[in-house]
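Reminder that position 7 of the sequence shown reads as 866 in our numbering, one-by-one numbering, no gaps.
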Amino acid sequence: MLPEAFDVKDKVVFITGAGRGIGKGIAQVLAEAGADVAINSLTPRYVEGVAAEIAEASGRRVVPVVADVTRTAGVQQAVDLVMQTFGRIDVLINNLGDAIYKPLVALPGQDTAALSEDEINRVMDINLTEAILCTRAVGPHMLERRSGKVINISSWTARQGGGDMVVYSIAKTGLAGFTRAQALEWAPYGVHVNSIAPGIFPDPVTVGDDGMERARDMSARKVPLTRPGELREVGYLALYLASAASDYMTGQTIFLDGGMSL
860 MLPEAFDVKD KVVFITGAGR GIGKGIAQVL AEAGADVAIN SLTPRYVEGV
910 AAEIAEASGR RVVPVVADVT RTAGVQQAVD LVMQTFGRID VLINNLGDAI
960 YKPLVALPGQ DTAALSEDEI NRVMDINLTE AILCTRAVGP HMLERRSGKV
1010 INISSWTARQ GGGDMVVYSI AKTGLAGFTR AQALEWAPYG VHVNSIAPGI
1060 FPDPVTVGDD GMERARDMSA RKVPLTRPGE LREVGYLALY LASAASDYMT
1110 GQTIFLDGGM SL
């Protein structure tokens, strides 16, 4: 049995980008640990099925929230729904993220097209702006109660850039900076802000058998622990950061990458 400090029973957790992948893994772990969870996605067919699956497995309330949280109107719509359903938000997990694998400019001798301005803005919106907007919307509720946990999902690229991932790396590095600055501003009010920087965490449902095999091959070459991460492993770290066990930690980015960033 876990120590009482790790208890998240009856906490209300709002997770963005949780219709699949890391967000789904986090939602599963926290619901199994006793939290009620609101999971967001822009795609109803992802989030509604996942919400029903997790609710049935955990016995907790799991609410799907369909909204575009890269825009203020969508964020407010999502937060209003969570507040109307549960009355509060104890933990916000800014998990939404995606990359467009193109260089910033066309490279000599290569056929890959460069990122367009729209693509640059999209990568920044998904990986950085979303976290800022959601934190801004949820923050007043946490500050009023002088209690809350914000967990940003960054990336190993916040420390070590990757080819065709320049703007994505910029956004995730910015997310680490946002984590530090917001943590400092809100620390006197009992609100903690931390970040998890995952490495290679493929979703078997999304990438299929071939994708999993590629992830295993890449991990064998690039990851000191020689394997990809399992989605639930991010959930275990999120459980710590969502609980009272992490009450003396704020402003930190924890790299969960099998040693990739060393």
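No residue lacks a Cβ here, since even glycine has one placed at the ideal position from N, Cα and C.
I'd like to check one pair, residue j with residue i: are the Cβ atoms closer than 8 Å?
i: G880; j: I898; result: no
i: T1112; j: A1046; result: no
i: T875; j: N953; result: yes
i: L974; j: P1057; result: no
i: V1052; j: V1009; result: yes
i: K1177; j: A1101; result: Limits of the chain in this structure are 860 at one end and 1121 at the other, which puts residue 1177 out of reach.
i: V928; j: V896; result: no
i: V982; j: V1026; result: yes
i: S1013; j: I979; result: no
i: F1023; j: K961; result: Correcting the residue identity first, residue 1023 is Asp in this sequence and not Phe. In this structure, K961 lies closer than 8 Å to D1023 by Cβ.
i: V867; j: A892; result: yes
i: F873; j: Y1099; result: no
Following the continuous beta strand (DSSP E) through residue i, name the residue where it begins and the one where it ends.
i: A897; result: D895 to S900
Which one or two residues does DSSP pair with residue i in a beta bridge?
i: V1122; result: The shown model of the chain, from 860 to 1121, leaves out residue 1122, and the question about it has no answer.
i: V1050; result: G1007
i: N953; result: N1011
i: F865; result: Beta-bridge pairing links F865 to no other residue.
i: L1043; result: DSSP lists no partner for L1043.
i: T1112; result: S1054
Is residue i helix, strand or coil by DSSP?
i: P1057; result: strand
i: L1034; result: helix
i: A1065; result: The amino acid at residue 1065 is misidentified as Ala; the sequence shows Thr. T1065: helix per DSSP, three-state reduction.
i: I948; result: coil
i: L974; result: coil
i: T1085; result: coil
i: Q969; result: coil
i: G933; result: helix
i: M942; result: helix
i: A1074; result: helix
i: V1026; result: helix
i: M1129; result: Past the edges of the chain, shown from 860 to 1121, lies residue 1129, and the structure says nothing about it.
i: V964; result: coil
i: G1117; result: coil
i: I959; result: coil
i: D984; result: helix
i: R1018; result: coil
i: A926; result: coil
i: Y1107; result: coil
Span of the alpha helix (DSSP H) holding residue i?
i: T875; result: Run containing T875: none; DSSP gives neither H nor E here.
i: L1096; result: L1090 to A1101
i: Q887; result: G880 to E891
Hey, does residue i have any beta-carbon neighbour from chain C nearer than 8 Å?
i: E1003; result: Any reference to chain C falls outside this structure, which holds one protein chain only.
Let's test the definition: count the other Cβ atoms within 10 Å of the Cβ of residue i and tell me whether it reaches 16, buried, or not, exposed.
i: P1087; result: buried
i: M1077; result: exposed
i: V888; result: buried
i: P923; result: buried
i: A1040; result: exposed
i: R995; result: exposed
i: Y905; result: buried
i: D939; result: exposed
i: L987; result: buried
i: P1061; result: buried
i: Y1107; result: exposed
i: L1090; result: buried
i: V964; result: exposed
i: L992; result: buried
i: E989; result: buried
i: D970; result: exposed
i: T1016; result: buried
Sorry if obvious, but does the Cβ on residue i come closer than 7 Å to a heavy atom of the ligand PLP?
i: F1060; result: The ligand PLP is absent from the structure shown, which contains no ligand whatsoever.
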